[in-house]
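Q: Got a structure here, written out as structure tokens. Questions coming.
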Amino acid sequence: MDSVSFLLVAVILTALAFDFTNGFHDTANSMATSIATGALSPRLAVLVAAVLNLAGAFLSTEVAKTISGGIVDDAKVSPVMIFAGLIGAILWNMVTWLAGLPSSSSHALFGGLIGAVWVGAGESAVRFTAIVEKIAIPAVASPVVACVVAMLATYLAYVITRRAAPVARKGFRAGQVGSASLVALAHGTNDAQKTMGVITLTLIAGGVLGHGSGPPWWVVLTAGLAISLGTYVGGWRIIRTMGKGLTDIQPPQGFAAETSATAVILASSHLGFPLSTTQVCTGSILGAGLGRRLAQVRWGIAGRIAVSWLLTLPAAAAVGGIAAWVAGQGNAGVALVAGVAVAAAVGFYALSRRRPVNPDNVNEPRVPEPAERTLDTSV
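In our numbering, the protein residues as written are 3 to 381.
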């Protein structure tokens, strides 16, 4: 195997590693509310989500086409740049997972790629118009839309069922199984495609596929498997934040939040918008909290999440750009970047073991830091 083909394999494996982190980072999107209300046990919830993430990966490739030929000029992109961008995305996912913050894996990926391509090929290789239309506008609009829809749905759910509260509660808890499953399916349809797009872009950059090509079947399969495996591992720290940190979720709220998020995600996937499912699901949970009378929304935690959203793209871009410069020095640079990334990932995991969160304690209330002054690594 020559050096070029070896590099292509290395980049593809790194892309699948990112897909794995995307899976465990975003498990909370579909299952946090169902776990919090007891509609599904923690272990069963992540199993269901994993299976449906895999199924969702085969429903569409529109988002994958946006990634592979939308935000950067694929004629100017090299495998080294893609490798560097993925490193930026993986490290940001690990940082926010350790802090228990549901930041956007999608925007981490976009940021890493943009930073790496900008450093490696120049500003002209980045399609800023497409970034604004396909990423920035949906990033602002989607959580707001999901919040409003979930707020209205929650309010109506309580109004309609106020005279049959005990029976309705059981019905909503059962309905959550279906609505959470739909979110998991929608997540696979949207997020698994992002890695498909990256691998396709790598194959185009390496001359294996022609410009404008869609993802081959084996790319769809491997990306679906990687994200579903990560989902099964379960991002318990983020599940606790979304299920117990933002608001106290009751079954009607969980059902409304999940159904609203599904509608927004599937609509965007159909239109080819690679939006952040994390932002949509977080917005829907906030809306569900606002829609229930006397419900408490913990705005301090919501504010920290919003800050992480603002930092995600530029932070991943900065790491991706630095990684692109180092990796561009040759094979030694690529090896150095890979070694630093592995060491950092191991370090983050070791830190997480100090105060672990797992299926047995994920539903315990989150204990905040005094005045929410610092990142709480206990979630």
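Every residue, glycine too, gets a C-beta built ideally from N, C-alpha and C.
Return the first residue and the last residue of the alpha helix (DSSP H) that P145 is part of.
A: Translated into the one-based positions of the sequence shown, residue 145 becomes position 143. I139 to I162 is the extent of the alpha helix (DSSP H) around P145.
Q: Which residues bound the alpha helix (DSSP H) around V342?
A: Here residue 342 corresponds to residue number 340 of the sequence shown, with the count starting at 1. Element bounds for V342: N333 to S354.
Q: If you check the beta carbons only, do S262 and A152 fall under 7 Å apart?
A: Counting from one through the sequence shown, the residue named residue 262 turns up at place 260. Counting from one through the sequence shown, the residue named residue 152 turns up at place 150. Their beta carbons are under 7 Å apart, which means S262 touches A152 by this criterion.
Q: In whole angstroms, what is the alpha-carbon distance linking A345 and P316?
A: For the purposes of this step, residue 345 is taken as residue 343 along the sequence shown, with counting starting at 1. For the purposes of this step, residue 316 is taken as residue 314 along the sequence shown, with counting starting at 1. Answer to the nearest angstrom: the Cα atoms are 22 Å apart.
Q: Can you give me the C-alpha to C-alpha distance between H27 and W99, rounded to a whole angstrom?
A: As a position in the sequence shown, residue 27 is number 25, starting the count at 1. As a position in the sequence shown, residue 99 is number 97, starting the count at 1. So the alpha carbons of these two residues sit roughly 6 Å apart.
Q: Pull up the distance between the alpha-carbon of F8 and that of Q255, whole angstroms please.
A: Position 6 of the sequence shown holds residue 8. Position 253 of the sequence shown holds residue 255. C-alpha separation (whole angstroms): 49 Å.
Q: Tell me which residue opens and which closes the alpha helix (DSSP H) that F130 is part of.
A: Locating residue 130 in the sequence shown gives position 128, where the first residue counts as 1. Residues F130 to I133.
Q: Could you give the DSSP three-state label for V299: helix, strand or coil?
A: Within the sequence shown, residue 299 is the residue found at index 297, counting from 1. V299 falls in the strand class under three-state DSSP.
Q: Does DSSP put V266 in a helix, a strand or coil?
A: One-based indexing of the sequence shown puts residue 266 at position 264. If DSSP states are grouped into helix, strand and coil, V266 belongs with the helices.
Q: Taking one C-beta from the stretch 30–49 and one from the stretch 242–249 each time, how about it: are there three or more such pairs within less than 8 Å?
A: At 8 Å Cβ cutoff, the stretches touch.
Q: Given that a residue counts as buried once 16 or more other Cβ atoms are within 10 Å of its Cβ, and exposed if not, what is V321?
A: Position 319 of the sequence shown, counting from 1, holds the residue named residue 321. When all chains shown are included, V321 counts as buried.
Q: Please report the distance separating the alpha-carbon of I251 from that of G40.
A: Working through the sequence shown from its first residue, we reach residue 251 at position 249. Working through the sequence shown from its first residue, we reach residue 40 at position 38. Cα to Cα, I251 sits roughly 10 Å from G40.
Q: Measure the alpha-carbon distance for A159 versus R239 and round it to whole angstroms.
A: Here residue 159 is taken as the residue at index 157 of the sequence shown, counted from 1. Here residue 239 is taken as the residue at index 237 of the sequence shown, counted from 1. Going by the C-alpha atoms only, they are around 29 Å apart.
Q: According to DSSP, T249 sits in a beta bridge with which residue or residues?
A: For this step, residue 249 is matched to residue 247 along the sequence shown. According to DSSP, which records beta bridges pairwise, T249 is partnered with V299.
Q: Could you give the residue range of the alpha helix (DSSP H) that holds T243?
A: Residue numbering aside, residue 243 sits at position 241 when the sequence shown is read from its first letter. Here T243 belongs to no alpha helix (DSSP H), and DSSP marks it neither H nor E.
Q: How many angstroms separate the CA atom of L205 from the CA atom of H213?
A: Walking along the sequence shown from the start, residue 205 turns up at place 203. Walking along the sequence shown from the start, residue 213 turns up at place 211. About 10 Å.
Q: Go to I287, then tell me how far its alpha helix (DSSP H) extends in each direction, as first and last residue.
A: On the sequence shown, position 285 is the one that residue 287 refers to. Taken as a continuous stretch (DSSP letters only), the alpha helix (DSSP H) holding I287 covers T279 to G293.
Q: Just to confirm the assignment, what range does the alpha helix (DSSP H) spanning N95 have?
A: What you label residue 95 is simply residue 93 of the sequence shown in a count that begins at 1. Element bounds for N95: P81 to L100.
Q: Since V286 contacts S108 with CB under 8 Å, what's their CB separation in whole angstroms?
A: Position 284 of the sequence shown, counted from the first residue, corresponds to residue 286. Position 106 of the sequence shown, counted from the first residue, corresponds to residue 108. For the sequence presented, residue 286 should be read as Ser rather than Val. Contact flag wrong, Cβ pair sits at about 16 Å.
Q: Quick one: what's got a C-beta closer than 6 Å to T197's C-beta in the same chain, skipping five residues either side?
A: The residue labelled residue 197 in the question sits at position 195 within the sequence shown. Excluding sequence neighbours, T197 sits near A17, D21 and A225.
Q: In whole angstroms, give me the CA-to-CA distance for L312 and L15.
A: Counted from its first residue, the sequence shown places residue 312 at position 310. Counted from its first residue, the sequence shown places residue 15 at position 13. Cα-Cα distance, rounded: 28 Å.
Q: Rounding to the nearest angstrom, what Cα-Cα distance links I92 and T314 in this structure?
A: Here residue 92 corresponds to residue number 90 of the sequence shown, with the count starting at 1. Here residue 314 corresponds to residue number 312 of the sequence shown, with the count starting at 1. Going from the Cα of I92 to the Cα of T314 covers about 11 Å.
Q: With a cut-off of 8 Å, do at least 3 Cβ pairs link the stretch 324–344 to the stretch 180–191?
A: No, the stretch 324–344 does not touch the stretch 180–191.
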